[in-house]
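Q: Below is a structure I'd like to ask you about.
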Amino acid sequence: MLTQAFIYGAEQARSFGKVIGFRHRLSGNVPPDMRYLQTEWRKKPEHQGGFLLDGGVHFIAGMRMLLGSEVQVAKSHLPPVDTVDATFLLANGATGNFSVSFGTTFTGADWAVACEKGSVSVDGTKVTVKPLGGEEKVVDKPDELGGVKQEVFAWAKSLVSGKQEAKQRPEEALADLEILEAMLRSGEKGGQPVELKLQT
-17 MLTQAFIYGA EQARSFGKVI GFRHRLSGNV PPDMRYLQTE WRKKPEHQGG
33 FLLDGGVHFI AGMRMLLGSE VQVAKSHLPP VDTVDATFLL ANGATGNFSV
83 SFGTTFTGAD WAVACEKGSV SVDGTKVTVK PLGGEEKVVD KPDELGGVKQ
133 EVFAWAKSLV SGKQEAKQRP EEALADLEIL EAMLRSGEKG GQPVELKLQT
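So, in structure tokens, the structure goes:
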């Protein structure tokens, strides 16, 4: 997630110290005629998790960017596979949850990170920064929602400069994918914890 809201939100979260909790919720309904569902590999997926995996990795990327902490274990309960609700344990001992559903009438998405000295939440282009005992500040970081334009721009910039954008390294994409696949595996095993290996 290279949108201005996530870049700013991550910077603000770092200034608040150690993460002590977090949440991410996303709900929406993917209708059969949605333009993103019109490719054969999305209509008839042969990969684990189908559309949930395909779309879910982007939300994992946003969560990881805000956390700045490595995820250690994931637990998940997946009835049905268009929905995932997971509990995470970070390497520093903090816990949080991740909930994404593409098969509900609920709508909306938000990310939030609670740190020792305050909290940060991202809702679309709005970033809410609340220092502990301080005044809440809401900042609007207008950007194209979805982040595709920003990702392509960062990639083109790296081609011109010869310096790769750190968040676009293949290892970052694999780390996002590892978390979502671990949630799916955990759900298949009745919510058993799954240890992760690729988190940095």
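Numbering (the working numbering), first residue to last: -17 to 182.
Ideal Cβ placement from N, Cα and C applies to all residues, glycine included.
Per DSSP, which one or two residues make a beta bridge with G75?
A: For G75, which the question treats as bridged, DSSP gives no partner whatsoever.
Q: Rounded to whole angstroms, what is the Cα-Cα separation between K139 and G129?
A: Going from the Cα of K139 to the Cα of G129 covers about 15 Å.
Q: To the nearest angstrom, how far is it from the Cα of T188 to the Cα of M165?
A: Summary: the structure shown does not reach residue 188, with the chain confined to residues -17 through 182, and so no result is reported for it.
Q: Measuring only the C-alpha atoms, how far is G37 from G(-1)?
A: Rounded to whole angstroms, G37 to G(-1) spans 30 Å at the Cα level.
Q: Does the stretch 22 to 41 come close enough to the stretch -12 to -3 that 3 or more CB-CB pairs lie under 8 Å?
A: Verdict: no, contact absent.
Q: Does the stretch 1 to 14 come within contact of the stretch 44 to 51, defined as at least 3 CB pairs closer than 8 Å?
A: Yes, since at least three Cβ pairs between the stretch 1 to 14 and the stretch 44 to 51 fall closer than 8 Å, the two stretches touch.
Q: Taking all protein chains shown into account, do 16 or more other C-beta atoms lie within 10 angstroms of the C-beta of R46, making it buried, or fewer, making it exposed?
A: So R46 counts as buried.
Q: Under the assumption that F80 contacts F88 (Cβ atoms under 8 Å), give the Cβ distance between them as a whole number of angstroms.
A: Not confirmed; about 15 Å, so no contact.
Q: What's the call for E117, buried or exposed, on a 16-neighbour Cβ count within 10 Å?
A: It counts as exposed.
Q: Is F135 helix, strand or coil by DSSP?
A: Residue state, collapsed to three classes: helix.
Q: Is it right to say E28 is buried, meaning 16 or more other beta carbons lie within 10 angstroms of its own, or is it exposed?
A: The residue is exposed, with fewer than 16 neighbouring Cβ atoms inside 10 Å.
Q: Please name the residue, chosen from T21, R5 and R24, that lies closest to A91 on a Cα-to-Cα basis.
A: Here the closest residue by C-alpha is R5.
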